[in-house]
Amino acid sequence: MENVVIRDSDEWDSIEFALQLRCRSSRVRLLQAWNIIRPESLSMFNRRSKNMLVLEAFVDTESLDRSNSVQDVCTRGFDIGAPGFLVTFGNLSLSGFPLLSTDSKGKTLLDNDTCALDPNGNPLPSKTPPEVSSSIYGEKRVFEYFVCDVGVGKSLEVPGVVEAQTSRVSMPVEYDSYFLTNSENLRLDSLTVFAGSNEIENGALDVSEELQSKGVLPQNTFKHNYIIYDSSQILPRYLIQFEFDPSADESFALPLCDNCQSDVSTIYCPSDSARHVLLNFISFRICTKCDVRLHSNNKVVSRHIRVPLSEMPRPYTKCKIHQTKSYHLYCTVCETPICQLCTVNHIHELEGSTSFIPISTAYDAVVQNLNSTTDVSLRERKNQLLEILNKVDEVKNKVSENCQNVEAQCYEKLESALSDLNRMVECSLEVVSTEQTENKRQLNEINWSESFVDHMRSTLLPADYLRSWLRHCRLRDEFAQNSSKQPLKELFPDISLEAELSIIPKDTHAHLQTKIHT
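Structure (structure tokens):
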């Protein structure tokens, strides 16, 4: 394959650093890298992603479907179907890499979600089945990934893939992708790993497991998932092959406290280090809690000078060319660490341009420069972002407050309408109740008189009963005349809602009130 990235070049170092950042491990080593950018794909991507947000993503070749083989992606780019393509940004999880992806029981903590989707939002099967490591500590493996630029542009938030597929048809044209909000809530635990030397691991030193040096991987993790729907939104830039060796030293692991072995160490005490040489401790690194507990017993230990862990003495790194020597010097021209033997052949084209300084001096200068310049600019940028986020929160609070006010107005109007409805119903029911009371009175009066006549028929003599019957007949005539004089009043359930409640922005309301709409 052509366009091989030169080893140890700036391009190579950038890829390897980005890889280690995503894997949170120094045991990841870049083996090969090829530049696979095609002019046609680059032109299409630049046109599509102009003035768009572009992010860098690592895509596992094993997770690709059959329509996106390695050869096809290198020659024509990615082929994204109508269901879309799920892309993951941030930390990677590698199969057979349990120190970063699983806990001690093998439970998955972080998954790679980059894949093509089917119409139902499910991942399409990969062309090769994933390999499963038989060892809980992982095995030495070689991985193959694409390094891609992805134009996510303006993203619309959705909870998950299913919701994205459901709302795909109604997706506004001004949006370029979906952002899955559930990707922010994934469990990204930082794991404790062994960070001891090879001599300890091989058993050369008789040190118990409790005394072996452990460490914690970088705790700050990051992962975002997006769904894109256009093949021109993703540009494969590199095809890389890298190796993970679980038996190698983990230089990114922050050591645990040498005293309690539970919290991360943050303080170095040179005086205590001298006392613990017999325990094979190179240094005495303690956490904040142990620092307070150990250095508050008496005045002698309270006078110990402690420094942050970043300022503790460190051993020199071995030279890659001369394995028996260490980097003690630093070339200020090419900005490269060198050993004593490298100085003989380390000559630049311009005569007298080569300049060596102690590597400790260069390290101190970089740290000081980091604190004085880069850190300031980065802090300003973080403050700007925090200010923007605070403004967004203020806008969200104002929108929420406005929504509550409009909701309260809606309830007020609803209560007013319900009050009018109840008043009208009460007026109608008063008429009905009056009619009902009068009709009941007449019915009760008729039943009362008829019952009295029946009772007299059982008790009175015929002559007396006839006299009472004539009186009862005159009473019946009065009942008939009263019922014909006052006919029933007809009532109908004719109450209806004629008004319309509309919730519109103020600008729209003002526009509708113009003469054009009146």
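Numbering (UniProt numbering), first residue to last: 1 to 518. From the three backbone atoms N, C-alpha and C, an ideal C-beta is built for every residue, glycine too.
Extent of the continuous alpha helix (DSSP H) run through residue i
i, result
"ASN225", "Run containing ASN225: none in the alpha helix (DSSP H); it sits in the beta strand (DSSP E), 223-228."
"ALA17", "According to the sequence displayed, residue 17 carries Phe and not Ala. Note, PHE17: alpha helix (DSSP H), 10-23."
Where residue i falls: helix, strand or coil (DSSP)
i, result
"VAL395", "helix"
"GLU430", "helix"
"PRO493", "coil"
"LEU42", "helix"
"GLU157", "strand"
"TYR327", "coil"
"ARG66", "coil"
"THR332", "coil"
"GLU144", "strand"
"ILE347", "coil"
"ILE504", "coil"
"VAL4", "strand"
"TYR175", "coil"
"ARG306", "coil"
"LEU94", "coil"
"ASP454", "helix"
"LEU117", "strand"
For residue j and residue i, the rounded distance between their alpha carbons
i, j, result
"SER458", "GLU438", "31 Å"
"HIS295", "SER265", "15 Å"
"residue 519", "CYS23", "The structure shown has nothing for residue 519, since the chain only spans 1 to 518."
"ILE227", "PRO493", "55 Å"
"GLN241", "ILE286", "38 Å"
"ASP420", "ILE446", "39 Å"
"LEU31", "VAL392", "44 Å"
"TYR238", "ILE504", "50 Å"
"ALA253", "PHE17", "16 Å"
"VAL301", "SER271", "9 Å"
"ASP507", "GLU163", "32 Å"
"TRP12", "ARG29", "11 Å"
"ALA33", "ILE321", "22 Å"
"VAL307", "VAL366", "19 Å"
"LYS318", "LEU329", "12 Å"
"LEU466", "ASN444", "24 Å"
"THR75", "THR88", "23 Å"
"ALA510", "VAL425", "36 Å"
"GLU62", "PHE143", "9 Å"
"CYS403", "LEU156", "21 Å"
"TRP448", "SER433", "22 Å"
"CYS339", "SER326", "6 Å"
"residue 534", "SER9", "Past the boundaries of the shown model lies residue 534; the chain is included only from 1 to 518, so the question cannot be answered."
Whole-angstrom C-beta distance between residue j and residue i, which should lie under 8 Å
i, j, result
"SER231", "ASP79", "6 Å"
"ILE15", "VAL147", "7 Å"
"PHE244", "ARG141", "6 Å"
Endpoints, beta strand (DSSP E) assigned at residue i
i, result
"THR336", "336-338"
"ARG237", "234-244"
"ALA57", "54-60"
"TYR316", "Segment: none, TYR316 is in no beta strand (DSSP E) and carries neither H nor E."
"THR88", "85-90"
"ILE357", "356-358"
"residue 577", "The structure shown does not extend to residue 577, since the chain is modelled only from 1 through 518, so no value can be given for it."
"LEU294", "Here LEU294 belongs to no beta strand (DSSP E); instead the alpha helix (DSSP H) covers 288-294."
"ARG29", "28-35"
Any C-beta of chain D under 8 Å from that of residue i
i, result
"PHE58", "In summary, chain D is missing from the structure at hand, where a single protein chain is found."
For this session: Would you check if the segment 286-293 and the segment 244-264 touch, i.e. whether three or more CB-CB distances between them fall below 8 Å?
Result: The count of Cβ pairs closer than 8 Å, one atom from the segment 244-264 and one from the segment 286-293, reaches three, so the stretches are in contact.
Exercise. Okay, do the segment 32-45 and the segment 63-72 touch, 3+ Cβ pairs below 8 Å being the bar?
Worked result: Not touching, per the Cβ criterion.
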